[in-house]
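A.B. asks:
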Amino acid sequence: MTDPKTLSPLDLDTPDKTFLDANELVINMGPQHPATHGVLRVILRLDGEKVMGLECVIGYLHRGVEKIAENRTYTMFNPYVDRMDYVAAVSNGLGYCEAVEKLLNVEAPARAQYIRVILTELNRIASHQLWLGTHALDIGAITPLFYTFRDREEILKIFEKYCGARLTTHAFRIGGLQYEAYDGFEKDVRNFVAFVKPKIDEYEELLTTNRIWLERTKGVGTISGKDCIALGVTGPVLRASGVKWDIRKALPYANYRNFDFEIPTGENGDTYDRYIVRMIEMRQSLRIIEQAVKGIPGGPIMAKVPKVMKPPVGEVYHSIEAPKGELGYFIVSDGSTQPYRVRVRPPSFVNLQALDLMCRGQLVADVIAVIGTLDIVLGEVDR
Amino acid sequence: MHELVQYIQSYLDSPFTPGGAGNIFWATVYILLVFVGLSVAVIAMNWLERKILAHMQVRLGPMRVGPHGLLQPIADALKLLLKEDIIPAEADAVVFWVAPFIVVLAAFTVFVVVPFGPTHAITDMNIGILFMLGVSSLSVLGIVTAGWASNSHYPLIGALRSSAQMVSYEVAMGLAVVSAIMMTSLNEEGQGTLSMIGIVEAQKAQGEWFLFKFFPLGIIAFAIFAIAMVAETNRAPFDLPEAESELTAGFHTEYSGFRWSLFFLAEYSAMIAVSSIAVTLWLGGWLHPFPNALNGATWDLVFSLFPGITFLFLAGMCFYSTVRMPKHPLFRIQTIGLAGFGAVLAVIGLILFVPGVRVRVQDVFWFSAKVAGFMYLYIWYRGTFPRYRFDQLMKVGWKVLLPTGLALLIVTALVGMRTEIWAAIAGGPR
Amino acid sequence: MIVGGILVITRKNAVHSALALISTLLAQAGLYLMLYAPFVAGVQIILYAGGIMVLFLFVIMLISIERNMKERQFNRQWLVGIIAAAALGGLFIAVYTTTTRGRTLFIEGRMAYGENQNTQMIANLLFDRRAGTYMFAFEIASLLLLVAIIGAVVMAKKRI
Chain A
34 MTDPKTLSPL DLDTPDKTFL DANELVINMG PQHPATHGVL RVILRLDGEK
84 VMGLECVIGY LHRGVEKIAE NRTYTMFNPY VDRMDYVAAV SNGLGYCEAV
134 EKLLNVEAPA RAQYIRVILT ELNRIASHQL WLGTHALDIG AITPLFYTFR
184 DREEILKIFE KYCGARLTTH AFRIGGLQYE AYDGFEKDVR NFVAFVKPKI
234 DEYEELLTTN RIWLERTKGV GTISGKDCIA LGVTGPVLRA SGVKWDIRKA
284 LPYANYRNFD FEIPTGENGD TYDRYIVRMI EMRQSLRIIE QAVKGIPGGP
334 IMAKVPKVMK PPVGEVYHSI EAPKGELGYF IVSDGSTQPY RVRVRPPSFV
384 NLQALDLMCR GQLVADVIAV IGTLDIVLGE VDR
Chain B
7 MHELVQYIQS YLDSPFTPGG AGNIFWATVY ILLVFVGLSV AVIAMNWLER
57 KILAHMQVRL GPMRVGPHGL LQPIADALKL LLKEDIIPAE ADAVVFWVAP
107 FIVVLAAFTV FVVVPFGPTH AITDMNIGIL FMLGVSSLSV LGIVTAGWAS
157 NSHYPLIGAL RSSAQMVSYE VAMGLAVVSA IMMTSLNEEG QGTLSMIGIV
207 EAQKAQGEWF LFKFFPLGII AFAIFAIAMV AETNRAPFDL PEAESELTAG
257 FHTEYSGFRW SLFFLAEYSA MIAVSSIAVT LWLGGWLHPF PNALNGATWD
307 LVFSLFPGIT FLFLAGMCFY STVRMPKHPL FRIQTIGLAG FGAVLAVIGL
357 ILFVPGVRVR VQDVFWFSAK VAGFMYLYIW YRGTFPRYRF DQLMKVGWKV
407 LLPTGLALLI VTALVGMRTE IWAAIAGGPR
Chain C
236 MIVGGILVIT RKNAVHSALA LISTLLAQAG LYLMLYAPFV AGVQIILYAG
286 GIMVLFLFVI MLISIERNMK ERQFNRQWLV GIIAAAALGG LFIAVYTTTT
336 RGRTLFIEGR MAYGENQNTQ MIANLLFDRR AGTYMFAFEI ASLLLLVAII
386 GAVVMAKKRI
């Protein structure tokens with residue numbers, strides 16, 4: 034039998050399969066499954082317990098967002114963007130607004146950018162907390178879920194106080210913000226930072242040195258940095274495989290140059306490294322929030338943007354570092370009020386391609402751990 | 007009336023267990039008592055598990071069905087009894103029907119030899135521990151047949167995995183048990199015993215619980231048994247065969263309603279049974295702490311007050327919660343119910359202060375308290391640990407626990423026989 | 236025990252036969268108990284009914300899972316079988332009742348030891364330096380089993 038890891042991801046039919054290998058089993062992890070984080074269908078080819086190949090069937094949550102964009106004005110399309118990666122809605126909004134601002138050649142004022150950064154980093158922490166809870170639940174640790182969701186409530190309260198919504202926030206507008214930071218926003222954020230730091234230590238205490246956690250995650254779902262780059266995988270998955278690439282540092286946007294933070298990388302590219310990378314990212318986000326809250330400048334929160342937006346003819350690609358990876362927007366404008374084409378590059382969609390390579394040679398029980406560690410959101414994958 | 011009390015007292019004070027004395031009537035009474043006590047314990051475990059797990063997870067658990075969810079297990083039992091009894095189409099009806107009963111039978115029969123006191127066991131077989139291990143290994147058969155009878159691929163795989171796990175950890179359990187049995191032979195007459203009551207008596211005679219004997223050998227043996235017993239009962243972190251988020255479903259997937267509740271009843275009784283083994287072998291059974299050091303009339307009095315104090319404490323907690331209940335008319339029934347429950351607990355506590363009752367109940371109380379500690383550990387493990395993958399689980403059983411158990415056995419034997427060995431060496435070959 | 240034995244050979248379903256075998260073995264443990272040998276009874280339950288039968292069931296369930304095992308038991312030579320079994324039974328009965336050696340085999344009084352001596356006696360027979368004669372045989376048997384286990388693992392092994 035050839036070593037499954039040496040096969041390229043498109044090689045689903047192993048070349049030297051003989052009729053003696055008739056005990057291969059094809060199992061369907063149907064669209065409804067408690068562990069696939071959404072409506073994802075995974076077809077596994079097993080040899081006994083080992084996974085020989087894997088195929089994902091997506092599209093169960095396709096809502097035609099990109100087509101809808103062609104019939105909405107730029108401002109009208111803004112709320113749709115939140116619904117793609119509904120866990121980290123604020124990042125989606127940030128990416129879209131910045132892309133359109135690039136097209137319009139305006140820049141949001143400094144105050145707006147600081148508040149944007151604070152909200153985006155808060156959302157990154159919330160997204161990672163949700164990831165941690167569900168990932169631990171899949172592996173069998175049922176308690177961290179409740180801890181992370183309880184702490185996530187504080188972030189959602191801040192969002193609710195700011196813009197009225199907890200999940201699909203529609204927090205940003207093209208050119209800046211609509212709502213001024215409410216009274217007590219800075220105090221709330223500072224309290225939150227102080228509140229959540231020991232909580233992250235609590236999560237780590239439960240899991241990081243737990244020998245059962247280590248056995249379930251070390252060496253599971255390994256992917257090398259080279260394969261990551263070849264497949265286009267970005268985000269914590271890429272960083273855990275050793276490649277130090279973060280768009281906030283590489284192609285900074287929204288004033289990230291002003292903040293001092295580190296990019297964690299891992300060594301082996303296995304599930305444990307991805308876990309550690311995301312935990313460190315949470316702490317680094319706290320660091321950014323602390324710095325941002327200290328120095329929010331005064332000034333306007335909205336740039337001079339025409340009421341009826343007709344961007345010049347052209348195209349723009351703008352990407353940001355969403356919690357799950359590189360979230361990119363490619364917008365083509367034909368000069369009218371409605372975009373000609375909006376193409377979203379969702380990080381989960383591209384990351385999902387790596388699932389096949391990561392699961393080869395693993396046991397069935399690890400497939401669920403690997404899906405969890407990729408941190409996919411089906412709303413983003415299917416749009 | 008006085009004669010009735012005297013008659014009962016004469017039997018309760020007899021130096022034999024009912025089985026040992028051959029008294030069928032009292033044996034039946036004891037059997038019924040144990041059965042009722044076990045059922046109450048299982049119901050309480052259900053409630054406790056949900057509440058304690060919830061509190062560990064920063065939530066409240068069942069609160070509605072009775073005051074603080076106290077009637078929840080009864081509601082669950084009612085629901086399960088009234089559910090539709092589904093039998094899969096191609097399933098083997100006889101085997102399907104028999105399988106839950108095998109598991110329940112095995113789990114309940116074990117309690118025949120569990121010693122709640124020096125004479126408070128249904129019978130005291132002189133192969134007591136062997137009997138317990140043997141009968142609890144019969145539950146594996148029930149699980150295998152349950153998986154088979156469902157006539158579906160996934161429950162069968164789950165059942166086979168579950169039974170493979172149980173059989174593997176039985177080996178480790180057996181080794182740990184043997185090393186504890188060896189320690190029983192270190193009393194004056196040099197005669198070890200397999201009987202459960204004899205083991206506790208040996209601990210009393212040797213003056214220390216086997217947990218602390220030959221430190222750290224007793225603790226290592228206890229640790230091996232404690233891990234193996236969690237795996238034996240298919241509880242977290244070894245519950246892969248019955249976890250929902252894995253691909254292969256558990257062996258009890260196709261069972262609904264009353265049959266499922268039988269499995270779940272058997273699981274809890276098996277937990278209590280193996281905890282009883284652990285308590286008897288290592289933790290001194292029914293002995294209160296420091297049985298030899300703190301011996302004397304005053305210390306006996308102090309220790310015998312514990313049951314009553316415990317129940318009064320529980321009653322106090324009930325009254326405290328009653329006071330803190332919301333003062334809304336909709337909560338009136340719950341408040342009254344909770345106060346009533348607290349009153350019942352207080353009455354039981356006061357009864358337990360009566361000198362006659364106090365002395366007799368003491369042994370049962372200490373035994374139950376220790377077993378309750380183990381139950382708390384079980385729930386704690388479930389809330390804390392992720393699940394082991396199946397191959398890692400088997401690896402731990404065979405590659406870690408088994409060699410450790412064997413080494414422990416040999417070292418315990420050597421340490422236990424050190425005087426003889428030394429005499430043989432020092433006496434030297436003539 | 237007899238009922239269990241008959242069920243083992245007459246059931247069509249192999250799993251039913253295995254369950255009947257389990258009940259036969261449990262009955263045999265009961266027989267040991269009646270012979271004042273509780274240790275042997277306990278070990279019989281643990282090892283035979285709780286271990287070996289589980290193995291039997293594993294094999295039956297894994298191998299025959301595809302096929303429906305509702306095969307009709309057929310045996311063309313049942314007449315010869317009955318004659319042979321009757322002859323053997325007659326021989327046993329003749330030996331036990333007529334010869335002097337046979338008559339002394341199962342005298343009630345022979346079981347003079349109380350039931351709480353069984354474990355100790357087995358230990359004496361195995362381990363005692365002067366009286367124990369079975370140690371060597373015991374160890375050889377266990378070594379044989381070890382060889383069988385290793386052989387089975389080597390033959391069935393495939394890289395996981």
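Protein chains in written order, with my numbering: chain A, 34 to 416; chain B, 7 to 436; chain C, 236 to 395. C-beta: ideal position from N, C-alpha, C; glycine also. Predicted model only: the values in this text are computed from it and were never measured.
Please check the pair B:V120 and B:S282, which I expect to be a contact at CB under 8 Å, by giving their CB distance rounded to whole angstroms.
C.D. replies: Position 114 of the second sequence holds residue 120 of chain B. Position 276 of the second sequence holds residue 282 of chain B. Yes, they are in contact, since the Cβ atoms of B:V120 and B:S282 sit about 5 Å apart, within 8 Å.
A.B. asks: I think A:C89 touches A:L77, with their Cβ atoms under 8 Å apart; what is that distance to the nearest whole Å?
C.D. replies: Here residue 89 of chain A refers to the residue found at position 56 when the first sequence is read from its first residue. Here residue 77 of chain A refers to the residue found at position 44 when the first sequence is read from its first residue. At roughly 10 Å, the Cβ-Cβ gap does not stay under 8 Å, so A:C89 and A:L77 are not in contact.
A.B. asks: Along the chain, where does the alpha helix (DSSP H) containing A:L58 start, and where does it finish?
C.D. replies: For the purposes of this step, residue 58 of chain A is taken as the residue at position 25 of the first sequence. Per DSSP, A:L58 belongs to no alpha helix (DSSP H); it is in the beta strand (DSSP E), 57–62.
A.B. asks: Can you give me the C-alpha to C-alpha distance between B:I278 and B:S169, rounded to a whole angstrom?
C.D. replies: For the purposes of this step, residue 278 of chain B is identified with residue 272 of the second sequence, where counting begins at 1. For the purposes of this step, residue 169 of chain B is identified with residue 163 of the second sequence, where counting begins at 1. For the pair B:I278 and B:S169, the Cα-to-Cα distance works out to about 19 Å.
A.B. asks: Kindly indicate which three-state DSSP category A:A214 falls into: helix, strand or coil?
C.D. replies: Here the question's residue 214 of chain A lines up with position 181 in the first sequence. A:A214 falls in the coil class under three-state DSSP.
A.B. asks: If I follow the unbroken beta strand (DSSP E) through A:Y350, where does it start and stop?
C.D. replies: The sequence position of residue 350 of chain A within the first sequence is 317, counting from 1. For A:Y350, the uninterrupted beta strand (DSSP E) segment begins and ends at 347–355.
A.B. asks: Mark B:D130 as exposed unless 16 or more other C-beta atoms lie within 10 angstroms of its C-beta, in which case mark it buried.
C.D. replies: Reading the second sequence from its first residue, position 124 is the one you call residue 130 of chain B. By the neighbour-count rule (16 or more Cβ atoms within 10 Å), B:D130 is buried.
A.B. asks: Taking 7 Å as the threshold (beta carbon to beta carbon), is B:V146 in contact with chain C?
C.D. replies: Taking the first residue of the second sequence as 1, we reach residue 146 of chain B at position 140. Taking Cβ atoms only, chain C reaches closer than 7 Å to B:V146, which makes this a yes.
A.B. asks: Using a beta-carbon distance below 7 Å, is A:I233 in contact with chain E?
C.D. replies: Of the protein chains in the structure, A, B and C, none is chain E.
A.B. asks: List the residues of chain C whose Cβ lies closer than 7 Å to the Cβ of B:S158, in chain order.
C.D. replies: Translated into the one-based positions of the second sequence, residue 158 of chain B becomes position 152. Within 7 Å Cβ-Cβ: nothing; B:S158 doesn't reach chain C, min ~10 Å.
A.B. asks: Ends of the alpha helix (DSSP H) at A:M17?
C.D. replies: Residue 17 of chain A is absent from the structure shown; chain A starts at 34 and stops at 416.
A.B. asks: Residues of chain B with CB closer than 8 Å to the CB of A:F382, please, in chain order.
C.D. replies: As a first step, residue 382 of chain A must be located in the first sequence, where it is residue number 349. Among the residues of chain B, none has a CB under 8 Å from the CB of A:F382; the nearest is roughly 24 Å distant.
A.B. asks: Check A:R378 in the structure and name its three-state DSSP category.
C.D. replies: For this step, residue 378 of chain A is matched to residue 345 along the first sequence. Residue state, collapsed to three classes: strand.
A.B. asks: Using C-beta distances below 6 Å, list every residue in its chain close to B:W292, excluding the 5 sequence neighbours before and after it, in chain order.
C.D. replies: Start at 1 with the first residue of the second sequence, and residue 292 of chain B comes out as number 286. So the qualifying residues of the chain are G123, D369, W372, F373.
A.B. asks: Taking only the alpha-carbon atoms, compute the straight-line gap between A:G81 and C:I280 and give it to the nearest angstrom.
C.D. replies: Here residue 81 of chain A corresponds to residue number 48 of the first sequence, with the count starting at 1. Here residue 280 of chain C corresponds to residue number 45 of the third sequence, with the count starting at 1. Each residue's alpha carbon lies about 33 Å from the other.
A.B. asks: Note down, in chain order, each residue of its chain lying with its Cβ closer than 8 Å to the Cβ of A:V326, except the 5 sequence neighbours on either side.
C.D. replies: Taking the first residue of the first sequence as 1, we reach residue 326 of chain A at position 293. Contacts found: I151, E219, V222, R223, V226.
A.B. asks: Name the DSSP bridge partner or partners of A:Y362?
C.D. replies: For the purposes of this step, residue 362 of chain A is taken as residue 329 along the first sequence, with counting starting at 1. Looking at the DSSP output, A:Y362 bridges to A:H351, A:V377.
A.B. asks: What residue does the alpha helix (DSSP H) around C:L378 start on, and which one ends it?
C.D. replies: For this step, residue 378 of chain C is matched to residue 143 along the third sequence. Unbroken alpha helix (DSSP H) run through C:L378: 370–391.
A.B. asks: Leaving out the 5 sequence neighbours to the left and right, which residues in its chain are closer than 6 Å to A:S501 when beta-carbon positions are compared?
C.D. replies: Any question about residue 501 of chain A goes unanswered here, given that chain A covers just 34 to 416.
A.B. asks: Nearest chain C C-beta to B:I427 closer than 7 Å, yes or no?
C.D. replies: To locate residue 427 of chain B, count along the second sequence from 1; it is residue 421. B:I427 does not count as touching chain C.
A.B. asks: Output yes if chain B places a C-beta closer than 7 Å to the C-beta of A:D54; else output no.
C.D. replies: What you label residue 54 of chain A is simply residue 21 of the first sequence in a count that begins at 1. Any reading at A:D54 needs caution, since the residue's pLDDT is 46, under 50, leaving its predicted position unreliable; the model's value is listed next. Not an interface residue.
A.B. asks: Do the CB positions of C:F274 and C:T368 come within less than 7 Å of each other?
C.D. replies: Walking along the third sequence from the start, residue 274 of chain C turns up at place 39. Walking along the third sequence from the start, residue 368 of chain C turns up at place 133. Between C:F274 and C:T368, the C-beta gap is not smaller than 7 Å, which leaves the two residues out of contact.
A.B. asks: Looking only at C-alpha atoms, which of B:E238, B:Q197, B:A234, B:M189 sits nearest to B:L217?
C.D. replies: In the second sequence, the residue the question calls residue 217 of chain B occupies position 211. For B:L217, the nearest C-alpha among the options comes from B:M189.
A.B. asks: Cβ of C:V389 less than 7 Å from any chain B Cβ?
C.D. replies: Here residue 389 of chain C is taken as the residue at index 154 of the third sequence, counted from 1. No, because no Cβ of chain B sits closer than 7 Å to the Cβ of C:V389.
A.B. asks: Just mark A:P48 as buried or exposed, buried being the case when its beta carbon has 16 or more other beta carbons within 10 Å.
C.D. replies: Indexing the first sequence from 1 puts residue 48 of chain A at position 15. The predicted position of A:P48 is uncertain, since its pLDDT is 45 and thus under 50; a value taken from the coordinates is nonetheless stated next. With fewer than 16 other Cβ atoms within 10 Å, it is exposed.
A.B. asks: Does the beta-carbon distance from A:F179 to B:Q63 come in below 7 Å?
C.D. replies: As a first step, residue 179 of chain A must be located in the first sequence, where it is residue number 146. As a first step, residue 63 of chain B must be located in the second sequence, where it is residue number 57. Yes, these two residues count as a Cβ contact at 7 Å.
A.B. asks: Is the beta carbon of A:M391 sitting closer than 7 Å to the one on A:G254?
C.D. replies: Within the first sequence, residue 391 of chain A is the residue found at index 358, counting from 1. Within the first sequence, residue 254 of chain A is the residue found at index 221, counting from 1. Yes. Within cutoff.
A.B. asks: Cβ of A:F179 less than 7 Å from any chain B Cβ?
C.D. replies: As a first step, residue 179 of chain A must be located in the first sequence, where it is residue number 146. By this cut-off, A:F179 is an interface position.
A.B. asks: B:V64 CB to nearest chain A CB: under 7 Å?
C.D. replies: As a first step, residue 64 of chain B is located in the second sequence; it is residue number 58 there, counting from the start. Chain A contact via Cβ: present.
A.B. asks: What residues in its chain sit with their C-beta under 7 Å from that of B:A419, if we drop five residues either side in the sequence?
C.D. replies: As a first step, residue 419 of chain B is located in the second sequence; it is residue number 413 there, counting from the start. Closer than 7 Å at Cβ, skipping near neighbours: M188.
A.B. asks: CB C:G239 to CB C:A249, shorter than 7 Å?
C.D. replies: By one-based count along the third sequence, residue 239 of chain C stands at place 4. By one-based count along the third sequence, residue 249 of chain C stands at place 14. No, they are not a contact pair.
A.B. asks: Spatial neighbours of A:G275 within its chain, please: C-beta separation below 7 Å, excluding the five flanking residues on both sides.
C.D. replies: As a first step, residue 275 of chain A is located in the first sequence; it is residue number 242 there, counting from the start. Closer than 7 Å at the Cβ level, and outside the excluded window around A:G275, lie G258, T298, G299, E300, G302.
A.B. asks: Using the C-alpha atoms, what's the distance from A:G166 back to B:G213?
C.D. replies: For the purposes of this step, residue 213 of chain B is identified with residue 207 of the second sequence, where counting begins at 1. For the purposes of this step, residue 166 of chain A is identified with residue 133 of the first sequence, where counting begins at 1. Approximately 48 Å between the Cα atoms of the pair.
A.B. asks: Return the CA-CA distance between A:L181 and A:Y236, expressed in angstroms with no decimal places.
C.D. replies: Here residue 181 of chain A is taken as the residue at index 148 of the first sequence, counted from 1. Here residue 236 of chain A is taken as the residue at index 203 of the first sequence, counted from 1. Here the sequence assigns Thr to residue 181 of chain A, which means Leu is not the residue at that position. Computed Cα separation, rounded: 8 Å.
A.B. asks: Give a yes or no on whether the minimum CB-CB distance between A:E248 and chain B is below 7 Å.
C.D. replies: For the purposes of this step, residue 248 of chain A is taken as the residue at position 215 of the first sequence. Yes, because at least one Cβ of chain B sits closer than 7 Å to the Cβ of A:E248.
A.B. asks: Within 10 angstroms of the Cβ of C:D363, are there 16 or more other Cβ atoms? Answer buried if so, exposed if not.
C.D. replies: Here residue 363 of chain C is taken as the residue at index 128 of the third sequence, counted from 1. Classification of C:D363: exposed, given that the 10 Å Cβ count is below 16.
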